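Q: Top line first, the protein sequences correspond to chains A and B.
For the first sequence, the working numbering gives the first residue as 4, with consecutive numbering after it.
For the second sequence, the working numbering gives the first residue as 15, with consecutive numbering after it.
In this text, a Cβ means the ideal position worked out from N, Cα and C, and glycines have one as well.
Note that the structure is predicted; figures quoted are calculated from it, not measured.
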Amino acid sequence: MKLIMTMVILFATILFTGCATKPQYVKSADKPITMGLDRRDFEKAANAAIKDLLQSGVMQKRDGGRYVVAMGRVVNDTTQRIDTAMLTKKIRIALLKSGKAIMTTAVAAGGPEDEMTKEVRRLRADDEFKQSTIAKKGTIYAPDMSLSGKIIQRTAKADSKNQLVEYYIQLTMTQLDTGLAIWEGETTIGKVGSNDTVVW
Amino acid sequence: MDLRLSNIFILLFGAVFFTGCVALTGHRELLVEFDKTLNSGSCDYSFIDKKIEDKDDLILWASQGGSFSRNCYDYNKSNNLFDLAEGLYKSDVDLQSTAEKVGNSTNSILVNNNINSYQGSMYEKIMLNIYKGLNFMALDNFEDARVEFNRAIDRQRRAKEYFSNEITQLKSKQRANQNYQVAQNRYTQKAIYDSYRELFNSYKAYPDFVNPFTTYMSGLFFLFDGDYNKAKDLLRDAMSMEPNNTQIEEDFKLADKLSGFEKRKTHYAWVIYENGKSMVKIEKNINIPLFIFTNKVYYAGLSLPTLSPRSSSYNYIEVENKKSKIVANMDNIIEAEFEKRFPQIAFEATLNLIMKTYTQYELNRSGGAIGGLVGAIYQGLTNRADVRSWTALPKNFQVVRFELKTNNVIIKDDKNRVLSTVMVDRNKDALIYIKSSKRGIIRVHRTIKGKR
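(1) Report buried or exposed for B/Val-46, applying the criterion of at least 16 other Cβ atoms within 10 angstroms of its Cβ.
(2) Which bits of chain B does A/Lys-160 rub up against, with CB to CB less than 8 angstroms?
(3) Label B/Ser-77 either buried or exposed according to how many other C-beta atoms from any shown protein chain fall within 10 Å of its C-beta, with 16 as the threshold for buried.
(4) Kindly indicate if chain B contains any beta-carbon less than 8 angstroms away from that of A/Trp-186.
(5) Helix, strand or coil for A/Trp-203 per DSSP?
(6) Between the stretch 132 to 147 of chain B and the stretch 215 to 229 of chain B, are three or more C-beta pairs nearer than 8 angstroms?
(7) Taking the C-alpha atoms as reference points, what is the distance between B/Thr-120 and B/Glu-263?
(8) Anything in the stretch 351 to 379 of chain B with a Cβ closer than 7 angstroms to a Cβ of chain A? List those residues in chain order, please.
(9) In terms of DSSP beta bridges, what is A/Ile-105 paired with?
(10) Taking Cβ positions only, does B/Lys-442 come closer than 8 angstroms to chain A?
(11) May I have the straight-line CA-CA distance separating B/Asn-335 from B/Ser-434, to the nearest angstrom?
(12) Measuring straight from C-alpha to C-alpha, what distance separates B/Met-255 and B/Leu-249?
(13) Taking B/Thr-112 as part of the alpha helix (DSSP H), name the residues at either end of that continuous run.
(14) Looking at B/Ile-455: is its Cβ nearer than 8 angstroms to the Cβ of B/Ile-448?
(15) Could you give the distance in angstroms between the alpha-carbon of B/Val-107 and the alpha-carbon of A/Thr-142?
(16) Closest Cβ-Cβ distance between B/Asn-164 and chain A: below 8 angstroms?
(17) So, using beta-carbon positions, are B/Ile-206 and B/Ile-302 closer together than 8 angstroms?
(18) Run through chain A and tell me which residues come within less than 8 angstroms of B/Arg-160, C-beta to C-beta.
(19) Compare the C-beta of B/Leu-109 with all C-beta atoms of chain A and state if any pair is closer than 8 angstroms.
(20) Per DSSP, what are the beta-bridge partners of A/Asp-80 in this structure?
(21) Check whether the Cβ atoms of A/Thr-37 and B/Asn-164 sit closer than 8 angstroms, and answer yes or no.
(22) Thinking C-alpha only, which one of B/Ser-451, B/Arg-460, B/Val-224 is nearest B/Asn-53?
(23) Closest to B/Thr-89 by C-alpha separation, out of B/Phe-150, B/Ile-123, B/Tyr-132, would be which residue?
(24) For B/Gln-198, name the three-state secondary structure that DSSP assigns.
(25) Counting beta carbon pairs with one atom in the stretch 43 to 63 of chain A and one in the stretch 173 to 186 of chain A, are three or more of them shorter than 8 angstroms?
(26) Between A/Leu-90 and A/Ala-51, how many whole angstroms is the CB-CB distance? I'm expecting something under 8 angstroms.
(27) Return the CA-CA distance between A/Thr-191 and A/Asn-79, expressed in angstroms with no decimal places.
(28) Can you grab the Cα-Cα spacing for the pair B/Asn-422 / B/Val-436, in whole Å?
(29) Using a beta-carbon distance cut-off of less than 7 angstroms, what residues from the stretch 174 to 199 of chain A approach chain B?
(30) Can you pull out the residues from the stretch 54 to 71 of chain A whose beta carbon lies closer than 7 angstroms to at least one beta carbon of chain B?
(31) Can you pull the chain B neighbours of A/Val-201, defined as C-beta to C-beta under 8 angstroms?
(32) Measuring only the C-alpha atoms, how far is B/Asn-378 from B/Leu-316?
(33) Would you mind giving the Cβ-Cβ distance between B/Glu-417 and B/Tyr-282, rounded to the nearest angstrom? I have them listed as a contact below 8 angstroms.
(34) Please name the residue or residues paired with B/Ala-283 in a DSSP beta bridge.
(35) Have a look at B/Phe-361, B/Gly-394, B/Gln-374, B/Phe-48 and flag the residue whose alpha-carbon is nearest the alpha-carbon of B/Asn-191.
(36) Alpha carbon to alpha carbon, how far is B/Glu-376 from B/Asp-16? Give it in angstroms, no decimals.
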């Protein structure tokens with residue numbers, strides 16, 4: 004009888020409290036967690052791109068100064084809603100840290116990243132502001148280069164149960180003087196997983 | 015079969031009690047009620063909001079609600095509802111556990127499919143992404159629109175694989191059922207298929223179950239987004255699916271021209287026209303012979319879904335003396351998938367009938383007149399076909415393109431009467447999307463890149 008009671012209590016405890024998974028930090032593992040693009044994929048692509056870009060020597064300015072880089076368009080041509088800043092921000096941080104380049108937020112594809120550069124200049128007509136503290140004309144740096152890219156996805160059936168998804172993370176540094184691509188990099192990420200559902 | 019009356023009684027009572035009224039009533043009335051509101055042009059959300067709040071058959075009602083909200087120009091609400099449906103397609107349909115699949119199949123055989131949650135169709139999953147893409151275009155969010163059109167193209171690829179492989183696997187699963195032989199008896203099968211011959215022979219299927227509108231609209235999106243090479247590939251595919259539509263060929267040529275270095279001198283407007291109401295499922299009752307008992311043929315009434323056409327709106331629309339042409343016939347796509355899925359539906363319904371006939375026979379034998387009556391009532395009440403489908407879809411999709419010479423576009427109907435005047439910018443391409451489920455009711459959605 005006691006055994007039965009214990010069993011009932013045990014069963015009820017599990018039934019009513021459930022076996023919910025407690026939150027935990029994602030540990031770095033070799034196996035991918037999703038078929039989609041995740042943080043580790045972006046880290047891998049960004050690290051590879053930055054290493055390659057800095058080693059290529061194209062960011063070495065002759066006079067030892069820094070290039071001004073603007074963000075071009077990074078096209079997300081996948082089936083997932085991705086904020087491409089997850090990729091580009093890492094590259095921008097590394098570029099800035101390298102001391103070879105500096106990003107401009109005053110001009111970018113699709114409009115300035117920070118509208119304040121333009122906005123403060125509108126205060127010139129407003130005599131409530133101390134005019135000497137307002138940015139002067141002809142002080143904004145125009146970019147020398149533009150960083151653009153594309154994330155492409157290709158999905159295919161691998162076998163009767165699995166599918167293969169490949170991501171091509173492509174980046175280009177364009178010299179704006181000439182319109183020439185002075186550096187290009189590509190990272191490919193491949194994942195194989197169940198074909199039961201879509202990858203997104 | 016050795017069944018006790020009390021056991022059967024519990025089973026029957028339990029089945030109906032736990033699964034609710036839909037086992038007896040089906041879903042027809044609800045769908046008719048929704049269609050009435052949708053096609054009246056009303057924006058009264060109470061019906062849809064209630065369904066979503068009650069979490070009632072969410073895939074079906076979120077899809078319908080997405081169309082309803084789009085009709086009312088609430089693109090964000092529409093996409094939220096479509097997202098909800100898409101998420102459930104993944105979690106509750108694609109990733110359904112084996113136990114749940116068996117449970118659904120058992121429900122279909124013991125009661126009927128109406129008590130299972132709606133599982134949708136391949137073409138419906140694809141259209142979800144297309145509408146989301148169009149909503150994002152109307153919101154001038156081309157980044158997210160691109161994702162949706164990519165999803166639609168990927169779903170179309172998956173649908174092709176599904177119909178070529180998985181349907182075959184389903185057949186081998188059917189064979190494992192102990193009543194397979196009875197259900198697959200050739201006289202039983204003939205009786206069923208004879209009454210569907212006309213439906214199955216009356217339409218022209220697109221190759222590989224594709225929806226040319228998916229391919230065409232995706233191609234058009236990439237053309238708008240300046241990705242001319244991708245646009246070219248998709249428009250070329252669409253051309254081969256609907257070779258009679260010269261507009262698709264013209265669009266392909268345009269994408270080809272634009273992919274070079276030629277500077278744009280002219281801009282165009284595309285008018286996409288969603289015409290009428292798609293086919294819907296209705297219930298059909300047929301008498302079929304069952305060879306359950308060795309010494310005699312037993313005739314029983316079988317309820318199955320069949321497709322019924324609904325009306326068109328304007329046959330075409332006219333702009334600048336150019337008439338719109340058909341890109342894809344949605345009815346054909348619906349019929350093709352229905353025909354492909356029909357053997358499974360018919361098989362489960364026949365097993366259901368065999369089960370209930372056995373039960374009735376046993377009840378008659380062991381429970382006398384009352385037992386027989388209970389069995390007959392149960393069979394009569396639960397003999398309901400599942401007629402659910404996304405009824406907000408159109409009968410066909412059409413397109414007409416013309417060069418923009420002014421900032422006004424005058425759209426006329428098939429009787430040369432002005433339907434709508436749309437403001438555009440003659441220096442930018444425009445997409446004007448018109449839905450008309452019936453004459454007199456039109457919805458106009460406009461997309462000009464860079465403008466909301």
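A: Concretely, from the data shown:
(1) exposed
(2) Glu-175
(3) buried
(4) no
(5) coil
(6) yes
(7) 49 angstroms
(8) none
(9) A/Val-71
(10) no
(11) 15 angstroms
(12) 10 angstroms
(13) 112 to 124
(14) no
(15) 59 angstroms
(16) yes
(17) yes
(18) Val-78, Asn-79, Asp-80
(19) yes
(20) A/Ile-155
(21) no
(22) B/Ser-451
(23) Correcting the residue identity first, residue 89 of chain B is Tyr in this sequence and not Thr. Among B/Phe-150, B/Ile-123, B/Tyr-132, the Cα nearest to that of B/Tyr-89 belongs to B/Phe-150.
(24) coil
(25) yes
(26) Contact flag wrong, Cβ pair sits at about 11 angstroms.
(27) 15 angstroms
(28) 6 angstroms
(29) Asp-199
(30) none
(31) Lys-104, Asp-108, Arg-165, Asp-168, Arg-169, Arg-172
(32) 20 angstroms
(33) 6 angstroms
(34) B/Phe-416, B/Ala-444
(35) B/Phe-361
(36) At B/Asp-16 the pLDDT is 46, less than 50, meaning the model places this residue with poor confidence; the figure from the coordinates comes in the next sentence. Whole-angstrom Cα-Cα distance: 8 angstroms.
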